[in-house]
Each structure stands twice: as structure tokens, then as C-alpha cells.
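Take the sequence shown: its position 60, counted from the start at 1, is 47 in our numbering, and no numbers get skipped. From the three backbone atoms N, C-alpha and C, an ideal C-beta is built for every residue, glycine too. None of these values were measured; they are calculated from a predicted model. This report refers to the structure that appears directly beneath it.
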Amino acid sequence: WAEKAEKGGVRTVPPIHKAFESRVGRRVQPATVYRLLARHGWRKIAPDNIHPKADREVQEAFKKKGSRWLWTKR
-12 WAEKAEKGGV RTVPPIHKAF ESRVGRRVQP ATVYRLLARH GWRKIAPDNI
38 HPKADREVQE AFKKKGSRWL WTKR
């Protein structure tokens, strides 16, 4: 995971957490890894909500009209 991170890739905490636990030789809370990453300048990012190839007009039309059927009571 370290090589991919150095090349600018996105990393997730679980593999880093496992590597950290094996390095220190005991169990640690995931919050410890989050704090460690924040202390070293890493930041948490979230994925985009919309696919890059999505048609925004179709999505807006669905939001206005199409999603109501999902919540109707039978």
C-alpha cells in the first residue's frame, strides 16, 4: 500500500491498520490509525456522488418525478 500511496493513489484504512498492528505487535483501535494519518498530513476524501459519464438532465428528471414510486405505500 505504501508504494501506491506515494504515487498518488487512494488508500483505505483497513490495510494500513493491519500493517500498523503487525508493526507495533499488538492490537490498536482504527481511530489510532486515523489520527496518525491526519498527523502526517493525509486527509480523508469521499467519492463523487455522480458518475462522470452520467447525464445530469436525466438525473434531475428522475429526482423530480421518478423517485416517488420508490416510496409509495402499497
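Residue i, buried or exposed, once every other Cβ within 10 Å from all chains shown has been counted against 16
i, result
"residue 3", "buried"
Alpha-carbon spacing of residue i relative to residue j, whole angstroms
i, j, result
"residue 41", "residue 13", "45 Å"
"residue 11", "residue -10", "20 Å"
Close-in-space but distant-in-sequence residues of the same chain around residue i (CB under 7 Å, 5 per side omitted)
i, result
"residue 17", "0 and 4"
"residue 7", "15 and 20"
"residue 59", "Unreliable positioning characterises residue 59 in this predicted model, as indicated by a pLDDT of 45, which lies under 50. The coordinate reading is nonetheless provided below. No residues qualify anywhere along the chain."
Cut-off 8 Å between Cβ atoms - residues of its own chain near residue i, not counting five sequence neighbours on either side
i, result
"residue 46", "37"
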